[in-house]
Each structure stands twice: as structure tokens, then as C-alpha cells.
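Numbering (the UniProt record's numbering), first residue to last: 1 to 275.
Just so it is clear, CB atoms sit at the ideal spot from N, CA and C, and this is done for glycine as well.
Note that the coordinates shown come from a computational prediction; the quantities given were computed from them, not determined experimentally.
Notes to accompany the following structure.
Written out as C-alpha cells, the structure reads:
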């Protein structure tokens with residue numbers, strides 16, 4: 001079975017669990033997924049489905065998940081994860097996802113406006129910070145699955161503050177590696193990034209929902225960036241509609257609304273599909 005098939009089967013079969021058993025299993029599932037980041041994803045999902053089938057079988061015999069799997073699932077999960085072989089491809093895939101996601105999120109919007117310097121040093125250094133940040137967050141999540149709610153809230157707030165710092169750094173930190181690209185170079189770089197993104201979106205991530213929103217943003221930025229660099233059309237497109245004093249008060253709230261809408265949409269979709 002493919003990863004998508006395993007995940008879908010897991011989602012479908014979890015519906016058969018009692019509320020108590022489902023809570024127990026889903027905590028275990030989150031813990032395993034966040035501690036097995038560098039294992040083959042298909043191995044992880046296969047193990048999770050096997051555990052789910054065992055829990056369902058025990059439930060059919062009147063046995064709870066806790067009675068079957070034990071009162072300390074963390075220790076059992078650690079043993080399971082240790083038995084799984086490490087995967088270099090999964091390491092590279094995760095690193096590429098985080099770094100490329102950050103680069104696309106900050107580089108393409110810059111390329112959408114001709115004449116704006118592109119700070120490659122800023123993007124590369126903060127992409128590395130973003131990768132470390134994601135690794136730390138995943139580690140923290142795995143360590144707080146079985147903690148009290150207040151601990152999870154504190155961790156969530158700390159993660160939000162750290163993420164905000166990375167975003168703010170992307171705006172204000174400047175390096176000497178800043179260049180203004182010619183129209184031809186700008187279009188070429190946009191096409192290269194968009195081609196890489198399209199390949200990853202359709203071939204690697206299989207147009208899954210969380211990446212769909214990023215792909216939509218990338219596509220819009222790519223179109224704007226290319227059109228704005230074309231003769232005649234570019235001059236018309238880049239002609240300012242709002243004055244510099246008014247534009248921030250219109251664009252910033254609009255950007256916040258778009259990000260909130262995208263974030264909430266992704267959250268509820270993920271919550272519904274449990275992926």
C-alpha cells in the first residue's frame with residue numbers, strides 16, 4: 001500500500017474506535033509520527049495501521065486500548081520507533097520541504113515586484129534557522145503529547161513567538177548578498193522556482209491540502225512576477241494604485257486576513273482528515 005492509502009485506511013478504521021480508545025490511540029499516533037521523523041514514512045504508517053488493527057481486535061474482545069497496549073504507551077512506542085531503520089531520503093525530503101517552503105514563501109513575493117533587491121543571504125540564513133526551528137518544534141511536540149494541557153498551551157505560545165521572530169527577521173535583517181535582478185534573470189529565476197515547486201507538489205507531496213495553499217500563493221506570485229517584467233504590460237501592472245501612505249493600511253490587514261483564512265482552512269481540513 002502507498003502512504004496515502006495507508007493514511008486513508010487509518011483514518012477510516014479509527015472511526016470504529018470508542019472515544020476512550022480513540023484518544024489513547026491518537027496520542028500514540030502523534031507521538032510516533034513526531035519521533036520517527038527520519039524513518040521511512042511508509043514503515044511508520046504501516047506500523048501505526050498494524051497497532052490500530054490490534055487495538056480494534058482487542059476492543060472487539062471487550063479490552064480497552066490501555067489494557068492491551070499498557071499504561072505507559074510512550075515506552076512501547078519508543079521501542080517500536082527504535083526498531084525502524086533510518087532513511088536518508090526522508091531526512092533530505094524533510095530538510096528540502098522546510099528550506100524550500102521558507103525560500104518560496106519569502107523569495108517569490110519579492111520577485112513579484114521588479115526593481116526590489118533580492119537578499120539571498122537573508123533568505124539562505126533564515127531558511128537554515130527555519131529548519132532548526134521545525135526540528136525543535138517536532139521534538140517538543142513529541143515530548144508534550146502526554147503532558148497536561150497547560151504545558152501544551154505554553155509550548156504553543158513559545159512556538160508562535162519564535163515563528164514570529166523568524167518572519168520579522170525575514171523582513172528586517174539585511175546582508176551584503178543583495179542584488180537587483182534584470183527582467184530576464186528575474187523571469188528565469190521565477191520559472192525555475194515554479195518548476196521545482198510544481199514537481200514537488202504533484203510528484204512528491206501528491207497535491208495534498210497543506211501544500212495546495214502554498215502552491216496557490218506560489219502560482220499567483222509567479223504570474224505577477226513574470227507579467228510585471230514584460231514590456232508595456234509590466235508598466236501598466238506595476239503602476240501604483242494606492243499612495244505609499246495609504247497602501248500599508250490596506251495591504252497589511254488584507255494580508256493578515258488571507259493568512260488567517262488560509263491557516264484556519266488548513267487547520268480544519270487537517271483536523272477533519274487527521275493527516
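With a cutoff of 8 Å on beta-carbon distance, residue 222 and residue 48 are scored as not near each other. The shortest C-alpha to C-alpha distance from residue 158 to any of 133, 45, 176 is the one to 133. A distance below 7 Å between beta-carbons, with the five flanking residues on each side excluded, links residue 119 to the following residues of its chain, in chain order: 174, 175, 177, 178. Annotation: the continuous alpha helix (DSSP H) that includes residue 195 extends over 183-199. In the DSSP assignment, residue 82 falls within the unbroken alpha helix (DSSP H) covering 73-83. Pairwise C-beta distances place the segment 58-78 out of contact with the segment 185-201, as fewer than three of them are shorter than 8 Å. For residue 122, the closest alpha carbon among the candidates 115, 114, 220, 99 is that of 99.
Residue pairing of residue 39 in beta bridges, as defined by DSSP: 86. In the three-state reduction of the DSSP assignment, residue 103 falls in the helix class. When the Cα atoms are used, residue 62 and residue 16 turn out to be separated by approximately 14 Å. By the beta-carbon neighbour count (other beta carbons within 10 angstroms, threshold 16), residue 203 is exposed.
DSSP places residue 228 in the coil class of the three-state scheme, outside both helix and strand. Judged by DSSP secondary structure, residue 5 falls within the alpha helix (DSSP H) whose first and last residues are 3-14.
An exposed status is given to residue 172, since fewer than 16 other beta-carbon atoms sit within 10 Å of its beta-carbon.
Within the same chain, Cβ atoms closer than 8 Å to the Cβ of residue 33 are found at 44, 48, the five residues on either side in sequence being excluded. Here residue 52 is not near residue 12, since their CB atoms are 8 Å or more apart.
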